[in-house]
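Structure first, then comments.
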Amino acid sequence: MLQQLEGSRAMAVAVGLCRPGVVCAYPITPQTHIVEDLGEQVRSGRLQNCDFINVESEMAAISVTIGSQAAGVRSYTATSSQGLLYMMEGIYNASGLQLPLVVTLGNRSIGAPINIWNDHSDAMAMRDAGWVMLFAETNQEAADLHIQAFKIAEETCIPTMVCVDGFILTHAYEQVDLPSQEEVDDFLPPYNPKMQLDLAQPQAIGTMVPPEYFMELKYEVHENQKKTVAVVERVGAEFRKKFQRHSGGLIRSYKTDGAKTIIVTMGSVAGTLKDVADELGDEFGVVSVVSYRPFPTDALVAALRNATNIIVLEKALALGVGGILANEIKLALGGSGQKIRSIIAGLGGRLITKALLKDCILAHDGDPELFLGLRHDCVNSLKK
Amino acid sequence: MSYSTIRDRFEPENTALQSDYNRPNTLTSGHRACQGCGEATGARAVLDTAYRATNGNLVVVNATGCLEVLSCVYPENAWQVPWLHSLFGNTPAVAAGVASAFKIKGMHDVRVIAQGGDGATLDIGMGCLSGMFDRNDDVLYVCYDNQAYMNTGVQRSGSTPAYSRTATTLPNAKYFGNAAGTGKNVPDIAMAHGIPYVATASIANIQDLEKKILRAINIRGARYVHVHVPCPLGWGYPPAETVKVARLALQCGLFPLFEAENGILVASTPIDVLKPVEEYLRLQRRFAHLFGKNANPEAIKMLQQIANKNLEKYRLSGGLSDV
């Protein structure tokens, strides 16, 4: 049924429909509305058999869910920005312990300078942590990806982060079609842990591992992550079949057939870019990366194979190095001879407008690295 | 209770579970603790007692530290209970999550013990511990206090006593070991949260320790037991003297034994034979710089004052009901 909902509320309803047993809440803008709504679901009895725990920090939020998931209960929390950095030790710990948590990341910049608005710096800080990372384009996809996330995580024992653009998705109202409890129950079976704290079969979880075994365990996790490409793709296809709409999967291609210039991006800005591609004509297409981790190398190579110009537009960068997604795409297309440009856009919530995008997309001989809408009058080194 | 005579110890009510041939053996032999390790002794006594009291419905969450490293290095494991180690500073929160999960699963008989050293408990884990107390999570947290970071090579913690030598508080002409601050008194901090049960215990009095764990494990909500566990390596005394050193800490008043309910002191163990702190200090090389050629009688006097204050504060000369 179509409803006009705030993104956070849509996600909270979707998470509630997945029947988590433990939900941890710690406030940080812009994810806060999600956990507030889950708290209300538990208090009103709409979400049964769930412990809603107010904790004292993000480190506690991730740690409580590590404990509850290790004891065999589906667990969830949400965070943003500094909160993700504060829980980072637990983020690596959860993937090392192979605990299939699901966490929502309301994407926000990282300080200093402190800034509460949207970019992808927080998500990029955990890109090598061994999690599945899915990026949503719309509120509908944000809700749908959570239902898929629990399935992907529990099947692969890899914790999964659903990345949603702060404010742009978390606080915007859009029409969303939310499934019924029966439909979600049918799609997502009850959690059946592959390993847990078991009184009948006591075992130690999280022991020290010496050099003789450590590399082998990391190798296994690495291989598991690579195999998960197929799982993310399959779960996306199953979701499409069951709910009759396209959410999730590895990448989404728009007007790429015959396009000479393809813009690659992640998250909600894909919507704006599709409009721009429409206005620029048939030679322009858009590819958005839904599954940033595992990285869909093969799917991207296939989608970008016939383009002459590739422009990677991303809301984060490795300081002193450049675009992170851009460099990963260069690596994936290594030696293909295609022209690849990097656009850094929207840092700290800077507006990304169609006019700015058109200008820089059409400037074929432009700088290989461009900061969209950079105010030269505010940068000392660029002042005339 | 007072210190038993040899004969008293054979009375059934004074027999420790540790002396029982059929004790549960939660931390079984073959682990890598140093000779004379106070922490391993304490942990075994705590968990055996809890295991017996809960009929084996016990799950243990362990912080990073000596106890974690000595007990299980893959593929070996000395724990005979379901056991989880996540990180150094998050053990109270992980344990809260475990307790919550068993509640949601309807397994109300399962009890959760979280355990860690002084570094994990009162330094890096203090925030999570305070949160666990604040929410009154159904967890018994046990701190094994050996008063420094032993696992990393004896560095200062918030529990390191005044004037004690550690690798990061080396005494020299200008400094007499650790600064003479107040340190962190976690049992008092726990009491200030008003949690149902707080106790201190020592491996020099196993019967008392077992009685407190028995009491704690049968209470619901957040509970805290702080166990004094000397470390031969870090404190500098022969491994055979661990219990002797622990007992002297009790007898001089530097480590008071007491219990508190809902934030109020309800019982303490009177000292039957009061000893000067000097007797305790002289046994340990971490205080050696206070004696001899460059002796510092002022420092010893100040440590004696701390002990004297404990006598009054925790009524160690009698006045409260015997534990």
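Going line by line, the protein sequences match chains F and C.
FYI, the numbering for the first sequence is 6 to 389, going by the working numbering.
FYI, the numbering for the second sequence is 579 to 901, going by the working numbering.
Using N, Cα and C, we set each Cβ at its ideal position, and we do this for glycine too.
Small disclaimer: the values here were computed from a predicted structure and weren't measured.
- Inter-residue distance for C/A673 and F/L174 is about 34 Å (C-alpha atoms, whole angstroms).
- Distance from the CA atom of C/L645 to the CA atom of C/R610, rounded to whole angstroms, is 9 Å.
- A straight line joining the alpha-carbon of F/N59 with that of C/I842 spans about 26 Å.
- By the 16-neighbour rule on beta-carbons within 10 angstroms, C/T642 is buried.
- The residues A726, T744, A745, G812, in chain order, have a CB closer than 6 Å to that of C/V732 in the same chain once the five nearest residues on each side in sequence are set aside.
- Closest in alpha carbon position to F/F244, among F/N314, F/T233, F/H151, F/E284, is F/H151.
- Chain C has a Cβ within less than 8 Å of the Cβ of F/A76.
- With respect to C/P660, C/R630 sits apart: the two C-beta atoms are not nearer than 8 Å.
- Look at the region 680-759 of chain C and you find these whole runs of beta strand (DSSP E), each 3 residues long or longer: 689-695, 718-723.
- If you check the CB distance, F/C168 and F/M138 come in under 8 Å.
- In the same chain as F/F57, and ignoring 5 residues on each side of it, the C-beta atoms closer than 6 Å to its own belong to V28, G44, V47, in chain order.
- Taken in chain order, the members of the region 48-74 of chain F whose beta-carbon sits within less than 9 Å of a beta-carbon on chain C are N54, C55, D56, I58, N59, V60, E61, S62, M64, A65, A66, I67, S68, V69, T70, I71, G72, S73, Q74.
- Within the region 793-862 of chain C, the runs of alpha helix (DSSP H) that reach at least 4 residues and sit entirely inside it are, in chain order, 810-813, 820-830, 855-860.
- Remark: three or more beta-carbon pairs, one from each stretch, lie closer than 8 Å, so the region 71-82 of chain F and the region 675-692 of chain C are flagged as touching.
- The DSSP assignment places complete alpha helix (DSSP H) segments of no fewer than 4 residues inside the region 311-361 of chain F at 329-337, in order along the chain.
- Leaving aside the five residues that flank F/Q36 on each side, the residues in its chain whose CB is nearer than 8 Å to its CB run, in chain order, S13, A83, T84, S85, G88, T109, L110, G111, G171, T175.
- Against chain C, the CB of F/M213 has a partner CB under 8 Å away; the residue lies at that interface.
- Here C/Y858 is buried, its C-beta having at least 16 other C-beta atoms within 10 Å.
- Closer than 8 Å to the CB of F/A209 there is at least one CB belonging to chain C.
- Considering only F/G116, F/N229, F/Y31, the residue with the shortest C-alpha distance to F/A130 is F/G116.
- For F/R298, the enclosing beta strand (DSSP E) stretches over residues 296-298.
- Taking a C-beta cut-off of 8 Å against chain C, the contacting residues of the region 91-112 of chain F are E94, G95, N98, L102, listed in chain order.
- In the three-state DSSP reduction, F/R14 falls in the helix class (H, G or I).
- Counting only residues of its own chain and dropping the five nearest sequence neighbours on each side, F/E188 has a CB closer than 8 Å to the CB of K247, F248.
- Comparing C-alpha distances from C/A770 to each of C/G814, C/G709, C/P810 shows the shortest one belongs to C/G709.
- Inter-segment contact for the region 225-245 of chain F and the region 261-271 of chain F is absent: fewer than three beta-carbon pairs are separated by less than 8 Å.
- Annotation: C/G772 to C/Y802 spans about 11 Å, alpha carbon to alpha carbon.
- The region 371-382 of chain F makes no contact with the region 588-606 of chain C, as fewer than three CB pairs between them are under 8 Å.
- A contact between stretches requires three or more CB pairs, one per stretch, nearer than 8 Å, and the region 62-69 of chain F fails this requirement with the region 177-195 of chain F.
- Selection C/P848, C/L648, C/A671 evaluated against C/M704 yields C/A671 as nearest (Cα-Cα).
- Rounded to the nearest angstrom, the Cβ distance from C/C830 to C/V855 is 5 Å, consistent with a contact under 8 Å.
- Note that the region 779-798 of chain C does not touch the region 748-765 of chain C; fewer than 3 beta-carbon pairs, one per stretch, sit closer than 8 Å.
- The three-state secondary structure of C/E589, taken from DSSP, is coil.
- Residues of the region 13-30 of chain F with a C-beta atom less than 7 Å from some C-beta of chain C are G26, V27, listed in chain order.
- In the DSSP assignment, F/R257 is bridged to F/S293.
- Among the CB atoms of chain F, none fall inside 8 Å of the CB of C/S735.
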